[in-house]
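Enquirer: Protein chains in written order, with our numbering: chain A, 637 to 961; chain B, 490 to 693; chain C, 1248 to 1787; chain D, 1249 to 1355. Cβ coordinates follow ideal geometry from the N, Cα and C atoms, glycine included.
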Amino acid sequence: MIVLPDLARHALGLPVEATPTAASVDSLHAAVITTTLVGTACVAAVTFVFVLRYRRTREAPAATPRIVASGFREWLTASAVLALFVGFWAVGYVQYTSIERPPSGTLVVYVTAKQWMWQFTYADGRSSEDVLVVRAGTPFELVMTSRDVIHSFFVPSFRIKQDTIPGRWVTLYVDAAAPGSYPIYCAEFCGVAHSHMLGEVRVLDEADYAVWEREATHDGYAARGREVAASHGCLSCHALDGQKRAGPSFAGLYGSRVPLDDGRVVIADEAYLTHSIVDPLADRVAGYPAMMPSYHGQLSAEETGALLELIRSLRDTLPTQGRVP
Amino acid sequence: MSADSDHFESVAQRAQAVRLALGVFLASETLLFTAILALVVGYRATWPEAFAFGVHHNTKVLGSINTVVLLTSSTSLAVALEMLRTGRRRVATALTLFTAACGVAFLAIKITEYEHHFAEGIYPGGRGAFFVAHPIAGLPAFWTLYFLATGFHGVHVLAGVGAVGYRAIRMPDATEIHRFEATALYWHFVDLVWLFLWPLFYLA
Amino acid sequence: MTALPIPPGAAHDERSFWTTATTIKSWLVTTDHKRIGILYFVATTSMLFLGGIFAIIIRLEHLTPGPTIVSAETYNRLFTLHGVIMVWLYMIPSIPAGFGNFLVPLQIGATEVAFPRLNLASFYVYVIGAAVVIGSLFAGGVDTGWTFYAPYSARTPATVLPTLIGIFIVGCSTILGGINFIVTIHTMRLRGLGWMRMPLFTWTIYATSIIQILATPVLGIALTVIGLDHTFDWGLFDPARGGDPVLFQHLFWFYSHPAVYIMILPAMGVVSEVIPTFAHKNPYSYRAIVYSTLGIAFVGFLTWGHHMFVAGISRFDAAAFGLLSMLVAIFSAIKVFTWVGTLFRGSIELAVPLLYVFSFFFLFTFGGMTGVAVATMSLDVHWHDTYFVVAHFHFIMVGATFTAFLSAIHYWFPKVTGRLYARKPALVGWALVTLGFLVTFTPQFLLGNGGMPRRYYDDPVGFSVLHVISTMGSWLLTLGMFVVLGVIVHGVARGAKAGPNPWHSRSFEWRTASPPPKRNFVGPIDFNIGAYAYDVADEP
Amino acid sequence: MSPIRLRIVVGLLLAVLATASFVASFGHLGSFALTVALSIATIKASLVLVFFMEVGKQSASFKLALAAGVLLLVTMLALVATDVSLRRGPSWANETTSPRRADDSSL
Chain A
637 MIVLPDLARH ALGLPVEATP TAASVDSLHA AVITTTLVGT ACVAAVTFVF
687 VLRYRRTREA PAATPRIVAS GFREWLTASA VLALFVGFWA VGYVQYTSIE
737 RPPSGTLVVY VTAKQWMWQF TYADGRSSED VLVVRAGTPF ELVMTSRDVI
787 HSFFVPSFRI KQDTIPGRWV TLYVDAAAPG SYPIYCAEFC GVAHSHMLGE
837 VRVLDEADYA VWEREATHDG YAARGREVAA SHGCLSCHAL DGQKRAGPSF
887 AGLYGSRVPL DDGRVVIADE AYLTHSIVDP LADRVAGYPA MMPSYHGQLS
937 AEETGALLEL IRSLRDTLPT QGRVP
Chain B
490 MSADSDHFES VAQRAQAVRL ALGVFLASET LLFTAILALV VGYRATWPEA
540 FAFGVHHNTK VLGSINTVVL LTSSTSLAVA LEMLRTGRRR VATALTLFTA
590 ACGVAFLAIK ITEYEHHFAE GIYPGGRGAF FVAHPIAGLP AFWTLYFLAT
640 GFHGVHVLAG VGAVGYRAIR MPDATEIHRF EATALYWHFV DLVWLFLWPL
690 FYLA
Chain C
1248 MTALPIPPGA AHDERSFWTT ATTIKSWLVT TDHKRIGILY FVATTSMLFL
1298 GGIFAIIIRL EHLTPGPTIV SAETYNRLFT LHGVIMVWLY MIPSIPAGFG
1348 NFLVPLQIGA TEVAFPRLNL ASFYVYVIGA AVVIGSLFAG GVDTGWTFYA
1398 PYSARTPATV LPTLIGIFIV GCSTILGGIN FIVTIHTMRL RGLGWMRMPL
1448 FTWTIYATSI IQILATPVLG IALTVIGLDH TFDWGLFDPA RGGDPVLFQH
1498 LFWFYSHPAV YIMILPAMGV VSEVIPTFAH KNPYSYRAIV YSTLGIAFVG
1548 FLTWGHHMFV AGISRFDAAA FGLLSMLVAI FSAIKVFTWV GTLFRGSIEL
1598 AVPLLYVFSF FFLFTFGGMT GVAVATMSLD VHWHDTYFVV AHFHFIMVGA
1648 TFTAFLSAIH YWFPKVTGRL YARKPALVGW ALVTLGFLVT FTPQFLLGNG
1698 GMPRRYYDDP VGFSVLHVIS TMGSWLLTLG MFVVLGVIVH GVARGAKAGP
1748 NPWHSRSFEW RTASPPPKRN FVGPIDFNIG AYAYDVADEP
Chain D
1249 MSPIRLRIVV GLLLAVLATA SFVASFGHLG SFALTVALSI ATIKASLVLV
1299 FFMEVGKQSA SFKLALAAGV LLLVTMLALV ATDVSLRRGP SWANETTSPR
1349 RADDSSL
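#1: One question on the structure: do residue 1665 (chain C) and residue 1731 (chain C) come within less than 8 Å of each other, judged by their Cβ atoms?
#2: What would DSSP say about residue 754 (chain A), mapped onto helix, strand or coil?
#3: Give me the subset of the segment 1266-1296 of chain D whose CB atoms are less than 7 Å from a CB atom of chain B, sorted by chain position.
#4: Just confirm the distance between the C-beta atoms of residue 839 (chain A) and residue 770 (chain A), as a whole number of angstroms; I'd bet it's less than 8 Å.
#5: For the alpha helix (DSSP H) that residue 666 (chain B) lies in, which residues bound it at each end?
#6: Using a C-beta to C-beta distance shorter than 8 Å, which residues of chain D count as neighbours of residue 1560 (chain C)?
#7: What residues in its chain sit with their C-beta under 6 Å from that of residue 673 (chain B), if we drop five residues either side in the sequence?
#8: Please classify residue 855 (chain A): is it buried, with 16 or more other beta-carbons within 10 angstroms of its beta-carbon, or exposed?
#9: If the cut is a Cβ gap below 8 Å, which residues of chain A does residue 1587 (chain C) touch?
#10: Determine, using beta-carbon pairs with one atom in the segment 1399-1406 of chain C and one in the segment 1474-1485 of chain C, whether at least three such pairs fall under 8 Å.
#11: Can residue 834 (chain A) and residue 821 (chain A) be called in contact, C-beta distance under 8 Å?
#12: Do you know offhand how far residue 1352 (chain C)'s Cα is from residue 1551 (chain C)'s?
#13: Considering residue 822 (chain A), what are the terminal residues of the beta strand (DSSP E) in which it resides?
#14: Of all the options C:1658, C:1565 and C:1646, which has the alpha carbon lying nearest to the alpha carbon of residue 1756 (chain C)?
#15: Listing by chain order, which chain B residues have their CB less than 7 Å from the CB of residue 1318 (chain D)?
#16: Output yes if chain C places a C-beta closer than 8 Å to the C-beta of residue 1351 (chain D); else output no.
#17: Assign residue 870 (chain A) to buried or exposed, taking buried as 16 or more other Cβ atoms, counted over all protein chains shown, within 10 Å of its Cβ.
#18: For residue 496 (chain B), which residues in chain C fall below 7 Å Cβ to Cβ?
#19: Please state whether the Cβ-Cβ distance between residue 919 (chain A) and residue 931 (chain A) is less than 8 Å.
#20: Between the C-alpha atoms of residue 1708 (chain C) and residue 1694 (chain C), what's the straight-line distance to the nearest angstrom?
#21: Going along chain C, which residues have a C-beta under 8 Å from residue 880 (chain A)?
#22: In terms of residue numbering, what span does the beta strand (DSSP E) encompassing residue 623 (chain A) cover?
#23: Spatial neighbours of residue 1690 (chain C) within its chain, please: CB distance less than 6 Å, with the 5 preceding and 5 following residues excluded, ordered by chain position.
#24: Compute the minimum distance between the beta carbon of residue 552 (chain B) and the heavy atoms of the ligand HEM, and state whether it is under 7 Å.
#25: Taking the alpha-carbon positions, what's the residue 1316 (chain D) to residue 1304 (chain C) distance?
#26: I need the straight-line Cα distance from residue 942 (chain A) to residue 905 (chain A), nearest angstrom please.
#27: Are the C-beta of residue 1304 (chain D) and some C-beta of chain B separated by less than 8 Å?
#28: In the DSSP assignment, find the alpha helix (DSSP H) that holds residue 1284 (chain D) and state where it starts and stops.
#29: Kindly indicate if chain C contains any beta-carbon less than 8 Å away from that of residue 830 (chain A).
#30: Which stretch, first to last residue, makes up the alpha helix (DSSP H) that contains residue 1415 (chain C)?
#31: Would you verify that the beta carbon of residue 515 (chain B) is, or is not, closer than 8 Å to some beta carbon of chain C?
#32: Determine, using beta carbons only, whether residue 655 (chain A) and residue 812 (chain A) come nearer to each other than 8 Å.
#33: Around the Cβ of residue 1269 (chain C), are there at least 16 other Cβ atoms within 10 angstroms (buried) or fewer (exposed)?
#34: Name the chain B residues whose beta carbon is nearer than 7 Å to that of residue 1301 (chain D)?
#35: Kindly indicate if chain B contains any beta-carbon less than 8 Å away from that of residue 1264 (chain D).
#36: Using CA atoms only, rank isn't needed, just tell me which of B:690, B:612 and B:509 is closest to residue 1308 (chain D).
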């Protein structure tokens, strides 16, 4: 296999290959790009030679010999080029199937794409938002769907991409990834904040992964609240870091004075928060569209309590200057 | 498809041009209904039981009457063309008017079918009491496609009734028969489309 | 102002089609295919500049990663309408309806198209459609991308319906135009002018018309269903009601891939006319170009799936579409070899149209080969919906079709206006356009390799240097376009008088006066000397 | 047989085929029902094409145009059908254990 030397890969702007599949895709990429450059250079060179050689010298053009290509030569060049292209297709097909379809029985991570965030749920039930934490060197299967419109899970460093389609499960297979942090982009246009639907794949080596796994398990009640918020879709409208999304952010909300659209101003205490969860349109915050569905009867007392604990735990984080206008 | 007659060498060349224009237009219309059939094929493969249920609940008798109505209208128009070619213009006019009348009857039956569906609580988009009573996955897709396909076909029948009616009133003389042939080609095409929509939505 | 500027090129006693009637009304209700061609040319070129303005604003937005000059909502509407206006209002009608209308009757020895009034009707249907599309700008514009993917296009708060209706109407205009051309080429050819003796430009317009009439109805259905989904909530593509958004992509790309062949085939026709004329030599293989044109027209209908490799189609379909895409690439490769072969042992004059064709060579070959690269399934997984794809289709649409469009303007300029353009400024225009294009779009290949997704308002970290270069390139390209516009306007007003055949071409449209009389040919038409018979001595 | 009588006979034949198709739909043919109905429809369609539209007597380019339309109809439906029917779900879909706490939305 043609291994793309680092200089060439850097010159082409390709990110570092983080998985063996990415390396094999890059070698096919090298073959195709070289054919392209060679082909274009040949066409340009032959044209340049012909123009120099047969430039019209006199004003009135001289009669030129009538040359007609033989059918055989046409077929020969055509089938030679076709054979080359079909060769690319064959290698491409083999790599495509290895990316698209994982061998059964590998570790599974569920990905749910929602308007403008990624939500990962691991096999042992934990879920995280926008950051996918994986152990280095172990292959895993991404089983993905979308909650609203078509998004596309794209990790350039792994050379993988798959549209996540609402109402369907689609899969991606990532074999042994090298440790590091790799950006996740949404590649299918999905609305206003399509370009803010960024995520990160954090591939940890053995030691760090063990630390993360141990540390992630016994969070406080607030983490439980975060889980409830994630699984009930609150986070797609209410950001935790102060970003203004379809709904007000939870950061710095608890205990603050909230202006309502009918002019009243209320203190965001437990009564207001629980009442807004059950009947969101009763006291609507000024400047926000009335699109929050009611969660009446969908949250148990324990889950509502966890949500309130989450909002209380964000009391002192000042709403940062969110990039979403 | 009018044309200045002076820049054609002969009337025969212009008749040839008009007929070819119709052939090309019908190929284009074939692709229009191909697109709808692609959706039908796609959803039938995804939700076979919903389609079986939908076909079972469709107004099969009215649909079949419509098929016979369209077939007779096609036959009468074909005979009318023959009459025109042999110079019997009055009979041709009568038969052409009969075809237009059949077209109107087809549309009338179609509208009664739609009213029957609406009464049953079937609306495009899977809204209506019928879908609450039969919550089968994919059933909304069947009925929405039914309204889309028969709707587009109905619009073409309406245009056909207009064209055939106009031909009945302004029956072309012997040298302009290709205009009548053009309208006949279009009407037969509309009948052809129904021949395939009928089994897909009513029979199987 | 009743009289239009009359270029005094009418050498023959029969007055040129410019001067037979000069009132505004004579232009607005004309059934002369030449005037309708010029009306189309003016309308589509103004659409080019409108679409170009949106492109410039989009590129300006990428000067800095964060918000630069427009908000996210406006940016989404800008790239959508840039796509809609460029694809449907400029690319598809410009060469077939503009140059095709003017030249096809001339090239087959006919005095008129088969249905002149239908020809005028299709122009007005286009104008109405274009007006509705531009009108939709004021209704808030649409922010779904020119691809209108469901379910977002069915749920977006933006008003989608006006734009869809506008495109539907423009689609009707292309179908009417297609029917007219097919019937004209079949029934109006000069007696004795066989299919294999017709000029190659007419062949490509014939193939383009076939694609237009067969592909456009499917777009009509796709847009109608999106309109129904968005406005009346029919939910045909709503997953909650059993809808499958991938089926919409099947319908959309079934039209849109043949549509890119509607855009490139006429450009190939222009190249197949310009090279024999300025190399003063018969095409290396007339048959190869004709068969590959028809090959593209038909196999082009079977390859739409390569836009959907990562959309979740079945593995069998992905393989089938990938293989068929390689097959259709062969026809383009055959054409490039044949064009280069035509230069062999020719008598080449480096006129401006030929320089544009050489730009076409380089950009079309490179663009085409990256097309083959993107059709390779595993590479498309990485490149799909990134700037690599944006660079690929701009290399074909702008690099190939737009340069062929400019080549056509310069090549047939004497035939249409009876005058000659100034060579030196035209050279400057060519250099600026080609260089500007390269600086704008080559960096986008590298952006795509780096993984920069398409339709991003806010550039992720690490891509800004290439974006700035690309934006500066777009200024250069715009400058080049205005220089070319200046050359044309100057040429129409004060260009030197051109004889009937300034380029010594054998093609049939040069066998009549420049500009041609209203009935195209005066007296008996002699097409016995072939359109590419450059082995006979130059006639007196 | 005079052209007029020929057309009337074809008309009657079409009506007979229609009723046959109607009756056949009541039989419990299961998966064959569609193939039976569509094949009768194809026979009727060819009758209309040959005798009413006189496609035999039309010019070659007319037949070419219709043939192109029908060919594209068949290829498009075939490719869409193979796509929709051959899609495979994720690997665990075949296993018995469903995901323990997956964020199962309204699928």
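Expert: This is what the structure holds:
#1: Taking the third sequence and counting its residues from 1, one reaches residue 1665 (chain C) at position 418. Taking the third sequence and counting its residues from 1, one reaches residue 1731 (chain C) at position 484. No, the pair does not count as a contact, with Cβ atoms beyond the cut-off.
#2: Here residue 754 (chain A) refers to the residue found at position 118 when the first sequence is read from its first residue. Three-state result, residue 754 (chain A): strand.
#3: 1266, 1269, 1270, 1273, 1281, 1282, 1285, 1286, 1289, 1292, 1293 and 1296
#4: In the first sequence, the residue the question calls residue 839 (chain A) occupies position 203. In the first sequence, the residue the question calls residue 770 (chain A) occupies position 134. Between residue 770 (chain A) and residue 839 (chain A) the Cβ distance is about 5 Å, and since that is below 8 Å, they are a contact.
#5: Reading the second sequence from its first residue, position 177 is the one you call residue 666 (chain B). Segment 666-687, the alpha helix (DSSP H) holding residue 666 (chain B).
#6: Locating residue 1560 (chain C) in the third sequence gives position 313, counting from the first residue. 1331 and 1335, listed in chain order.
#7: Counting from one through the second sequence, the residue named residue 673 (chain B) turns up at place 184. Closer than 6 Å at the Cβ level, and outside the excluded window around residue 673 (chain B), lie 566 and 570.
#8: Along the first sequence, one-based indexing puts residue 855 (chain A) at 219. Residue confidence is low: residue 855 (chain A) scores 49 on pLDDT, short of 50, so the model does not pin down where it sits. Its coordinate-derived value is still stated next. So residue 855 (chain A) counts as exposed.
#9: Here the question's residue 1587 (chain C) lines up with position 340 in the third sequence. Neighbourhood of residue 1587 (chain C) in chain A, by CB distance below 8 Å: 679, 682, 683 and 686, in chain order.
#10: yes
#11: Here residue 834 (chain A) refers to the residue found at position 198 of the first sequence. Here residue 821 (chain A) refers to the residue found at position 185 of the first sequence. A contact, by the Cβ cut-off of 8 Å.
#12: Numbered from its first residue, the third sequence carries residue 1352 (chain C) at position 105. Numbered from its first residue, the third sequence carries residue 1551 (chain C) at position 304. So the two alpha carbons sit approximately 33 Å from each other.
#13: The residue given as residue 822 (chain A) occupies position 186 in the first sequence. Boundaries of the beta strand (DSSP E) harbouring residue 822 (chain A): 816-822, taken from the DSSP string.
#14: The residue labelled residue 1756 (chain C) in the question sits at position 509 within the third sequence. Looking at the Cα atoms, C:1658 is the closest of the given residues.
#15: If you number the fourth sequence from 1, residue 1318 (chain D) lands on position 70. Residues of chain B passing the Cβ test: 519.
#16: Residue mapping note: residue 1351 (chain D) aligns to position 103 of the fourth sequence, counting from 1. Per-residue confidence for residue 1351 (chain D) stands at a pLDDT of 37, beneath the threshold of 50, marking its modelled position as unreliable; the derived number appears in the next sentence. Cβ-Cβ to chain C under 8 Å: no for residue 1351 (chain D).
#17: As a working mapping, residue 870 (chain A) is identified with position 234 in the first sequence. Residue 870 (chain A) is buried by the Cβ-count criterion.
#18: Taking the second sequence and counting its residues from 1, one reaches residue 496 (chain B) at position 7. Against residue 496 (chain B), the close residues of chain C are 1358 and 1359, in the order they occur along the chain (beta-carbon pairs closer than 7 Å).
#19: For the purposes of this step, residue 919 (chain A) is taken as residue 283 along the first sequence, with counting starting at 1. For the purposes of this step, residue 931 (chain A) is taken as residue 295 along the first sequence, with counting starting at 1. No, the Cβ-Cβ distance between residue 919 (chain A) and residue 931 (chain A) is not below 8 Å.
#20: Here residue 1708 (chain C) refers to the residue found at position 461 when the third sequence is read from its first residue. Here residue 1694 (chain C) refers to the residue found at position 447 when the third sequence is read from its first residue. Straight-line Cα distance between these residues: approximately 12 Å.
#21: Counting from 1 along the first sequence, the entry for residue 880 (chain A) is found at position 244. Those within 8 Å of residue 880 (chain A) in chain C number zero; the least Cβ separation is about 13 Å.
#22: Only positions 637 to 961 of chain A appear in the structure, and residue 623 (chain A) is not among them; the question remains open.
#23: By 1-based counting over the third sequence, the position of residue 1690 (chain C) is 443. Excluding sequence positions up to five before and after residue 1690 (chain C), its CB lies within less than 6 Å of the CB of 1713, 1716 and 1717, all in the same chain and listed in chain order.
#24: With respect to the ligand HEM, the structure shown offers nothing to examine, as it has no ligands at all.
#25: The count along the fourth sequence starts at 1 and reaches residue 1316 (chain D) at position 68. The count along the third sequence starts at 1 and reaches residue 1304 (chain C) at position 57. The straight-line gap from Cα to Cα measures roughly 43 Å.
#26: If you number the first sequence from 1, residue 942 (chain A) lands on position 306. If you number the first sequence from 1, residue 905 (chain A) lands on position 269. Cα to Cα, the separation comes out at about 15 Å.
#27: Residue 1304 (chain D) sits at position 56 when you count from the first residue of the fourth sequence. Cβ-Cβ to chain B under 8 Å: no for residue 1304 (chain D).
#28: For the purposes of this step, residue 1284 (chain D) is taken as residue 36 along the fourth sequence, with counting starting at 1. Where residue 1284 (chain D) is concerned, the enclosing alpha helix (DSSP H) stretches over 1280-1295.
#29: Numbered from its first residue, the first sequence carries residue 830 (chain A) at position 194. For residue 830 (chain A), the answer is yes, since a Cβ of chain C falls inside 8 Å of its Cβ.
#30: As a first step, residue 1415 (chain C) must be located in the third sequence, where it is residue number 168. Counting along the chain, the alpha helix (DSSP H) containing residue 1415 (chain C) begins and ends at 1408-1434.
#31: Sequence index remark: in the second sequence, residue 515 (chain B) carries index 26 (1-based). With 8 Å as the cut-off, residue 515 (chain B) does not count as an interface residue toward chain C.
#32: For the purposes of this step, residue 655 (chain A) is taken as the residue at position 19 of the first sequence. For the purposes of this step, residue 812 (chain A) is taken as the residue at position 176 of the first sequence. Result yes, Cβ atoms of residue 655 (chain A) and residue 812 (chain A) sit closer than 8 Å.
#33: Within the third sequence, numbered from 1, the residue matching residue 1269 (chain C) stands at position 22. Per the 10 Å Cβ criterion, exposed.
#34: Working through the fourth sequence from its first residue, we reach residue 1301 (chain D) at position 53. Within 7 Å Cβ-Cβ: 674 and 677.
#35: Indexing the fourth sequence from 1 puts residue 1264 (chain D) at position 16. Closer than 8 Å: no.
#36: Here residue 1308 (chain D) refers to the residue found at position 60 of the fourth sequence. Considering only alpha carbons, the answer is B:509.
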